[in-house]
Amino acid sequence: MTMKKLNIVLYSPEIPQNTGNISRTCSVTGAALHIIKPIGFEISDKTLKRAGLDYWSTLEIYYYENYAEFEEKHRDKEIFYFSAHARQRYTDVDYPEEVYLMFGKETAGLPKELILENIDHSVRIPMLENRRCLNLSNAVAIAAYEVLRRWDFEGFLGEGDI
C-alpha cells in the first residue's frame, strides 16, 4: 500500500482564526500545513491557538520566508492553485498520491500571475455569480475532503460506533 500525502499550503494568510481552523482540519485529516510568509499575525497569537485548540501538538507544519523558498523546495511536486478566477473546477481533476493544495490570502487570493503561470493546475470551487469568495477555512475543508474522498478515505475510521 502506498502512502498518500495531502499538503495544504497557505500563501500569506492574514486572519489568525482561519489559520487556526485550517490547522485543525489538517490535524484531523493528517494533512501537512505549509505557511508562506509574510503572514498577517503572530504565530503565537492567542486567537490562532484558540481556533486550533489542542491540535497544535498533532500538526505537521512548515514555514517558508517567501514563495521562492517554497517553490525551490517543492518544484517537483504537483500543486493545485485554488482561485475564484480559475476555469477548471476542483472536482474535475485527478489528484496524485502526494498533492499540494495552495490557497491565497483572504483579501486578495493568490497572485494572478501565479494562476496564469499554472493555469492547467489552477482550480476553483463553484459559487454563485457576484459573490466574492468562500471563507478560507471552509474552502480548505471542501478541497481537502474532496481529495480524501477520491482516495476513498484510506486509513480513516470505518463505520461509526452507533
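Numbered per my numbering, the sequence shown spans residues 22 to 183.
Just so you know, even glycine gets a beta-carbon here, dropped at the ideal spot from N, CA and C.
Take ILE64 as the anchor and find which of SER33, GLU92, THR46, ALA52 has the nearest alpha-carbon.
Residue 64 sits at position 43 when you count from the first residue of the sequence shown. Nearest of SER33, GLU92, THR46, ALA52 to ILE64, Cα basis: SER33.
By alpha-carbon positions, which one of ASP173, GLU119, LYS26, VAL30 ends up nearest to LEU131?
Along the sequence shown, read from residue 1 onward, the residue named residue 131 stands at position 110. Looking at the Cα atoms, VAL30 is the closest of the given residues.
Enumerate in chain order the residues of its own chain whose CB-to-CB distance from SER48 is below 6 Å, with the five nearest sequence positions on each side excluded.
Residue 48 sits at position 27 when you count from the first residue of the sequence shown. Cβ neighbours of SER48 beyond the five flanking positions: TYR76, THR79, LEU80.
Does MET22 come out as helix, strand or coil in the three-state DSSP assignment?
Counting from one through the sequence shown, the residue named residue 22 turns up at place 1. Per-residue confidence for MET22 stands at a pLDDT of 49, beneath the threshold of 50, marking its modelled position as unreliable; no derived number is given.
Which ranges does the beta strand (DSSP E) cover as unbroken runs of at least 3 residues, wholly within the region 85-153, from first to last along the chain?
With a minimum length of 3 residues, the continuous beta strand (DSSP E) runs that stay inside the region 85-153 are 100-103, 119-124, 143-145.
Where ASN39 and TYR111 are concerned, what is the direct C-alpha to C-alpha distance, given to the nearest angstrom?
The count along the sequence shown starts at 1 and reaches residue 39 at position 18. The count along the sequence shown starts at 1 and reaches residue 111 at position 90. When rounded, the distance between both Cα atoms is 21 Å.
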